[in-house]
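Asks: All residue numbers for the sequence shown refer to the working numbering, where the first residue is 2 and numbers rise by one. Every residue gets a Cβ at the ideal spot worked out from N, C-alpha and C, and that includes glycine. Pasting a structure here, questions to come.
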Amino acid sequence: MRSHAISLDWHHTPEGQGVLTHLTDQTTGERRIYGYLERPILPPTVQVVHYKLFLSGKAGIGKSSLVSFLLGQAHWTSHLGETPGIKVTNVFWPTKIQTQLVLFHLSLWDAGETASKKYSHIQPTMRSHAISLDWHHTPEGQGVLTHLTDQTTGERRIYGYLERPILPPTVQVVHYKLFLSGKAGIGKSSLVSFLLGQAHWTSHLGETPGIKVTNVFWPTKIQTQLVLFHLSLWDAGETASKKYSHIQPVCQENSTGVIFVFAFNDRRSFEELDQQIPNLSQAPTQICPIVVGTKLRSSGNEKMDASASSSPSYYVVCLHEKCSQEAAQFMADHLSAPVSKDGAGLIVEQEVLRPNGLILHISASRQRVLELAETVGIKKPDLDGVICEFEIAQADRFPESGLVGPLTLSDIHRCVLYAMEFLHFDHDRKYLPGHEDSKIMKGAPMLSAYREAGYIDTFPLHDDETLERLHKKWKHASIFNPPLDDIRDYFGENVALYFSFATFYTYFLMPIALIGIVQFILDRFLHVDFLFSNVTFSCLNLIGVTIFLEMWKRKSNKHNYHWGTGGKLRHKRARPEFRGELGINKITGKEEMQYPFQQTLKKVLFVSLPITVACLLVAFFLMLLSFQAEKFVYQKIHDPMSGEIPFLLSLVSNVPSIVYSILVFLMNHNYLHLAHFLTEWENHRTQEQFERHVVSKLVLFEFVNTFLALFYIAFYLQDIVMLKNQVFTMLIIQQIIGLLQETILPIVLKRPSTRRVMKKISKRVVKDLTKKFDVHHKQLETLPFIDNEESKIAMANYSLHRDPYESTYDDFMEMWLQFGHVFLFSSVYPLAGFLALLNNLFELKVDAYKLCRLARKPTPRSVRDIGAWYMAFSVTSVISVMTNCALLAMDKDVQAFAPHASGTDWALTFVVIEHVFLLIRLAIDKLIPDVSNSIKFAIDRDNYILKNRRVIK
């Protein structure tokens, strides 16, 4: 009784320490937990004693935590929820009994209370061993395993869909079909390989393209019967499952169980289990749910810090082949450096180097995002419904309604972009680091300089689940009532304002189209008094345009308030690309970049304006040259006797127009880059000022290229018939080309057959390029890697394969050109409004599809209104008053009502009518307030509450 048969200190001896080393997980330093059929490798002289222990008790009292505690695990308190079925934990404890080394095999069986009550077989199973646990180590077991092992790799053999192992017919085969469910990138394919015991289970790249079926056979001895378990593991890619509706039913059909997979470093994948598991109740047969968590190690600090693993990638920086190693390291260091060291304070990770260059993933911790939100001055509604600027110190006043606090995805992207673009080169640096042959502007923004030099691309990443919800809601919404708040939350205010304006403009076109059809029928078929119908139509059009623009201002100010983008321009924070010296803002009292406004004004007046005027004169000269060339060719090829032109020679007559069109296309392309460069060089303080000057340059150039020819025909040639044909032709061709270029062509290129052809072409192109250009950079040693199965890489691939969507410039430009064709010459071609309406009804739906299915996520911008585009529409409406009045005064049918009136009389009549319309326009502008009473009340209420809060403080 007083002696110890067990050596209590044996574990501290060299022999004991050596044995314990074999039983310890070298990664965690804790006691190793073995799989159900795993055994430690120890000498055969070691005696193994088996103990099966069954834990009994009600749910929630801590049975699972007790198991972990008994095993000596440090994280024994971290178990969440009730054990869903049976959990078997195997651990081996060595000890020395007198002189004999004994290994105690403890098999701890824990069953959830709910599962025990639901399935009657669980309790009996827990109390007995039906399976021979050591059968695999017997000669019989080893012989069977030899038949199921790949002799080349030494791993468990994977069988084809119709293959079976060759075993005696007495062996009973039990089939289990298991379907793996879960979002892309969480490790379903790696889990399959891991369960099969494959050594290369971490090497899977990308998402499973369709359905992948893996067949494996596991033998075991149940009492005296040899049983072969046939596991058929079905894995389907998330993208394919969403695209093809038959995939999910096929995978679940006749399934024994569904393995719901989530990743420990992807919180959303875990939260989605609540939606996925209840769907099993709808299955025709009973299916066993199995939940498996992956990437437990990735959620800790072994590969990356916790903030990196838990934060999704918000932006990617794609390094091109010619980007040097020095440049790549320079950007990575500054992006990841803390703010105290003049860095962006962001989380930067890298993928494995691709053949065409490295991809960096940019993320940010929750704290950093909130800091940036305060810096940017994002306004959100607080718990009292007051829209005010977010402050970290007052974070508890705001609801947790977004992805990070009250912030939506577009807000987060704005914050991260601000931090990225805020990085500037030193004022004394004249060349790009790593590319000394590339000059830069003084104090230029870092990423913009590399991007403009062609070394990198940057763009925000889609969130596939949020995008899918938005697309479903948008698809089922009315054309005239899109989900603008959801669009704003996902894409940003700039995109939401475009769709709001496009919808409002299309709605306005409905009465214009109706009046145009009536006027066309009266004039063409009923021959009603031309003067009366034309003048009435023109008056209604011009008054309608003015009302439309004033009502849009009210609607825009409503968005302005609800989206928190209001405020005076001088109070707005400087855009990140703004260059200058750090100083204190006299209004806000905050430190920010400052640059003399007089310098910007001088650049605009004495450099940008002359260059813009010179470009406009060149475009005007080319247009006149084109007309003269057509006239010259016509005189040379037409027969003066018959007046006819031979067919072959008629083709030659189109050469000047074709050459002019090509020149206009090339000039537009180059002028766009020139306009951006000049505006960036002018160094405007806010994003709105920058975009206003860019748009102004683009609109002036497009006006000369598109409408000057119509003015030339109308007022110089005075050919109304030709003008009608030209307006009709340009409007139709513009809409057809826009439809083909923006919609039909991208959709066709996404079709499988066409995509195969394009892939073959692209592979050849890439192959040729790799022969000429080598990648000039390698992996960056200072950055952590992203696991190949990470959802971050899946989302990067998802966005990389989509078409770039830089901004709403092209969409607004297309709409403004259409507006000009409809209203500048509405008295000549009244059906233009009807044709525009048909185009817009179709394009609104197509644009929604394009944005959600074909395009990369556009860069979100916080804008108060549509900016310079409103000025473009407003000025065009004023010009339309003048052109339509002038056209009516010039029309021969109108002049027939006063045959004795001179040209001066008609000119005076035109001036009087034009001034009357302008006075009416001014009256409408004054009568319709820009801000509705409800918005005024809401603003006053917010100001009152905020003022009282400051007084209380």
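Could you give the distance in angstroms between the alpha-carbon of Ile87 and the alpha-carbon of Gly113?
Replies: 7 Å
Asks: Ignore the nearest five residues each way along the sequence and tell me which others in Pro610's own chain have a CB closer than 8 Å to its CB.
Replies: Reading off the sequence, residue 610 comes out as Leu, not Pro. Counting only Cβ-Cβ distances below 8 Å, and skipping sequence neighbours, we find nothing.
Asks: Closer than 7 Å: is that where the CB of Leu56 sits relative to any heavy atom of the ligand ATP?
Replies: The ligand ATP is not part of this structure, which contains no ligands at all.
Asks: Does DSSP put Pro313 in a helix, in a strand, or in coil?
Replies: coil
Asks: Note down the Cα distance separating Leu21 from His12, rounded to an integer number of angstroms.
Replies: 8 Å
Asks: Indicate the three-state DSSP secondary structure (helix, strand or coil) for Ile348 in the structure shown.
Replies: In this structure, Ile348 counts as strand in the three-state DSSP scheme.
Asks: Between Cys319 and Leu373, is the Cβ-Cβ spacing less than 8 Å?
Replies: no
Asks: Quick one: using the 10 Å Cβ neighbour count with 16 as the cut-off for buried, is Thr150 buried or exposed?
Replies: Its Cβ having fewer than 16 others within 10 Å, Thr150 is exposed.
Asks: What are the residues that DSSP puts in a beta bridge with Gln143?
Replies: Its beta-bridge partners do not exist; DSSP assigns none.
Asks: I need the DSSP call for Val912, collapsed to helix, strand or coil.
Replies: Helix, per DSSP.
Asks: Using 8 Å for Cβ pairs, my map puts Tyr315 next to His414. What's the rounded Cβ distance?
Replies: Contact between Tyr315 and His414 holds: their C-beta atoms lie close to 6 Å from each other, under 8 Å.
Asks: Can you tell me which of Ala264, Phe265, Ile260 and Tyr491 puts its alpha carbon nearest to the alpha carbon of Cys289?
Replies: Ile260
Asks: Please classify Asp429: is it buried, with 16 or more other beta-carbons within 10 angstroms of its beta-carbon, or exposed?
Replies: exposed
Asks: May I ask you to verify whether the segment 133-149 touches the segment 215-235, counting CB pairs closer than 8 Å and requiring at least 3?
Replies: yes
Asks: Residues in its own chain within less than 6 Å of Phe460 by CB, not counting five upstream and five downstream?
Replies: Answer for Phe460: Arg857, listed in chain order.
Asks: Would you please state the rounded distance, in angstroms, between the beta carbons of Ala833 and Leu732? I believe it to be under 8 Å.
Replies: Taking a contact as a CB-CB distance under 8 Å, the pair Ala833 and Leu732 counts as one, their CB atoms being some 6 Å apart.
Asks: Could you give the DSSP three-state label for Gly517: helix, strand or coil?
Replies: helix
Asks: Exposed or buried, what is His335 when buried is set at 16 or more other beta-carbons lying within 10 Å of its beta-carbon?
Replies: Buried is the call here.
Asks: With DSSP collapsed to three states, give me the class of Gln48.
Replies: strand
Asks: Kindly list the residues whose CB is nearer than 6 Å to the CB of Phe180, restricted to its own chain and excluding five residues on each side of it in sequence; keep chain order.
Replies: Answer for Phe180: Trp235, Cys252, Gln253, Ser256 and Val259, listed in chain order.
Asks: Thinking Ala797 and Ile360 are a contact (beta carbons under 8 Å), I'd like their distance in whole angstroms, please.
Replies: 6 Å
Asks: Which value, in whole angstroms, describes the spacing of the CA atoms of His137 and Leu43?
Replies: His137 and Leu43 have their C-alpha atoms spaced approximately 15 Å apart.
Asks: Report buried or exposed for Thr295, applying the criterion of at least 16 other Cβ atoms within 10 angstroms of its Cβ.
Replies: buried
Asks: Could you tell me the alpha carbon to alpha carbon distance between Asp769 and Leu801, rounded to whole angstroms?
Replies: For Asp769, the pLDDT reaches just 44, beneath the cut-off of 50, and the residue's location in the model is therefore unreliable, although a value from the coordinates is still provided. Their Cα atoms are separated by approximately 21 Å.
Asks: May I ask you to report which of helix, strand or coil DSSP gives Gln330?
Replies: Collapsing the DSSP output to three states places Gln330 in a helix.
Asks: With three or more C-beta pairs closer than 8 Å as the rule, is the segment 619-631 touching the segment 707-717?
Replies: yes
Asks: Any idea if Gly455 is buried or exposed, counting beta-carbon neighbours within 10 angstroms, 16 or more meaning buried?
Replies: exposed
Asks: Is it buried or exposed, Pro169, if we count other Cβ atoms within 10 angstroms and call 16 or more buried?
Replies: exposed
Asks: Please work out which residues of its chain come closer than 7 Å, Cβ to Cβ, to Arg765, disregarding the five sequence neighbours upstream and downstream, and give them in chain order.
Replies: Confidence in Arg765 is poor, its pLDDT being 41 and thus under 50, which makes the residue's placement unreliable; the coordinate value appears in the next sentence. For Arg765, where only same-chain residues beyond five positions count, there are no Cβ hits under 7 Å.
Asks: Bridge partners for Ile360 per DSSP, in chain order?
Replies: Cys319
Asks: Which residues does DSSP pair with Val92 in a beta bridge?
Replies: Leu107
Asks: Would you call the segment 463-476 and the segment 329-344 touching, i.e. three or more CB-CB distances under 8 Å?
Replies: no
Asks: Look at the alpha carbon of Asn357 and the alpha carbon of His321, and state the distance between them as a whole number of angstroms.
Replies: Rounded to whole angstroms, Asn357 to His321 spans 7 Å at the Cα level.
Asks: In this structure, how does DSSP classify Ala112 when only helix, strand and coil are distinguished?
Replies: strand
Asks: Touch check for the segment 910-926 and the segment 546-562: three-plus C-beta pairs under 8 Å?
Replies: In short, these stretches touch, since the Cβ pair count reaches three.
Asks: If you run the structure through DSSP and keep just helix, strand and coil, what is Tyr177?
Replies: strand
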